[in-house]
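What follows is a short report on a single structure.
Protein chains in written order, with the working numbering: chain W, 1 to 284; chain H, 1 to 310.
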């Protein structure tokens, strides 16, 4: 008999839709503001706060912005543009000509909510863009033929210090040679330049300059023009899935001393565009 | 043992497979929009009571009472709310004992009281006193007095949907970064028996400067009836600020985006009304709110059968 009762209760329970949300019994967390932090970009820290997080139609809301330079170099031409204000109106563009490393810029926009028929969640979209420089250096070691064989016979070819370094940024440009270093005087070598970036933003490169070290003699380069002792990018780099097609440059090596180690340097000017959004509840 | 089994079966039948409707938020699968629908109840008749509990003795007095409640917490009912007692069989109303005591008019046996609007959550008690027919009038046979009444009110329905418009450059940017631009419009269907739904003949996000066909359909989800059965011309108002109406693809609407003819309701549903728009030119991407309001008059009828015994 008891089992029958238990069985009936189980059946009854199974037929009930779960979960049942009873709004007035569900404790609601009342927040006075809502903040969005963008930390994925190594160059910039961005925080947007809406105060309050809910607003009635016709009332004002404060959009508090904070931008900090996280890079080691100056960020230039920073623009923040709220391009989708949903039902709000008010100032939506801010330009900062230059921001030093570790410096923060804060400002507040006062927006007014327009009229609505029914409560809505507004997804405010904004774009942040800035310009910065990327730099890298890559050692190029060219040995005279005799020096190469001496070091090869001594088994110390790999001990030749060949270093490379690059700045920290969302942009990544890699320079590498198809042939192994060190090179022998008179070799024809091919340098491959790869382009990629991290994050979900949009990367635009306006200028890349490569200074050719004196131990390399320019032969040809598909995407670069030679100007004095430099190479200048001539094509627009189109990034698809965060990558652009690489460039190849040919050089002949030239050693002015038995072990000629020089540095190739590359500087790039880039503009990075980040899109983000923050939600604000507009009540009737 | 038999009693217990019977009780268990009763429990299972009564409390078992009862679906609790998600009246606060619902996603209608297969639709192109995410729908949040508020309840259909607006003005309701509740707590109907007869005193003394029928059957009542022939010639005795009895009262029928009920409450009219505006269930909307935010919006009041602006227009008149009419309560009409239109049928009571052989029972005789005692108008001097009605509650509320003032404002009742009688015409051809129909008693009417008009309230000047209803505030949010306002409740009004209506109480009618009747005299049951005497034994002679019912020929010493048990009979029923059908107490029939209705409330009629005018209100407006509202729905709103957000539409994301994107320009070609932004679309290309997203595609190049390997992101698939997707967008599901959020549709909020307001409180009340009449519901307005949006559907779209284009994929989202819509391209700036493109064509967006909008289909608007109306459904009666209330327990009453639309006064007059159909919805008259100019009762539906579409608001699509920023969008440009394509006149030859919007034949059911006037230039001010009101409906230009009667909206026929068949089985409590209208056929979708189409209106196409050219989407606005946007810088990057922008969300627009498209809304529709519908003015209507609605009536809810109730009946209480009071048993009279000789």
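Idealized CB from N, CA, C, for every residue including glycine.
Cβ contact annotation for residue 106(W) (same chain, cutoff 6 Å, sequence separation greater than five): 66, in chain order. Under DSSP, residue 245(H) shares a beta bridge with 277(H). No residue range can be given for residue 184(H), since it is assigned to no beta strand (DSSP E) and is classified by DSSP as neither H nor E. In this structure, residue 118(W) lies near residue 160(H), with their beta-carbon atoms less than 7 Å apart. Spanning the alpha carbons of residue 166(H) and residue 206(H) requires a straight line of approximately 6 Å. Between residue 87(H) and residue 146(H), the C-beta spacing is below 7 Å. In the structure shown, residue 170(H) falls within a helical segment according to DSSP collapsed to helix, strand and coil. The shortest C-alpha to C-alpha distance from residue 96(W) to any of 169(W), 130(W), 120(W) is the one to 130(W).
Residue 37(H) is classed as buried because its beta carbon has at least 16 other beta carbons within 10 Å across all chains shown.
Residue pairing from DSSP places residue 292(H) in a beta bridge opposite 159(H), 238(H). A check of alpha carbon separations from residue 35(W) across 142(W), 77(W), 276(W), 136(W) identifies 276(W) as the nearest. Close to residue 200(W), with beta-carbon spacing below 8 Å, are these residues of chain H in chain order: 177, 179.
Annotated as distal: residue 264(H) and residue 220(H), with beta-carbon spacing of 7 Å or more. Looking at the DSSP output, residue 298(H) sits in a beta bridge with 153(H), 226(H). Distance between residue 99(W) and residue 149(W), taken at the CA atoms: about 52 Å. Judged by DSSP secondary structure, residue 84(H) falls within the beta strand (DSSP E) whose first and last residues are 77-87.
For residue 120(W), the residues of chain H that pass the 8 Å Cβ criterion are 160, 162, 186, 188, 289, in the order they occur in the chain.
Look at residue 106(W) here: in three-state DSSP terms it is strand.
Residue 137(W) and residue 166(W) have their C-alpha atoms some 6 Å from each other. Here residue 133(H) is buried: its Cβ has 16 or more other Cβ atoms, across all protein chains shown, within 10 Å. Using a CB distance cut-off of 7 Å, residue 91(W) does not count as an interface residue toward chain H. Per DSSP, the continuous alpha helix (DSSP H) segment holding residue 147(W) begins and ends at 145-154. Listed in chain order, the positions of the stretch 119-138 of chain W with a beta carbon within less than 8 Å of a beta carbon of chain H are 119, 120, 121, 122, 123, 125, 127. Identification of residues in the stretch 35-48 of chain H having a C-beta nearer than 7 Å to some C-beta of chain W yields an empty set. The three-state secondary structure of residue 53(H), taken from DSSP, is coil.
For residue 175(H), the secondary structure class from DSSP, reduced to helix, strand or coil, is helix. For residue 36(H), the uninterrupted beta strand (DSSP E) run begins and ends at 34-37, by DSSP. Within 9 Å of the CB of residue 284(H), the CB atoms of chain W belong to 81, 83, 84, 125, 127, 275, in sequence order along the chain. Residue 171(H) and residue 215(H) do not touch by the CB rule: their CB atoms are close to 24 Å apart, not below 8 Å.
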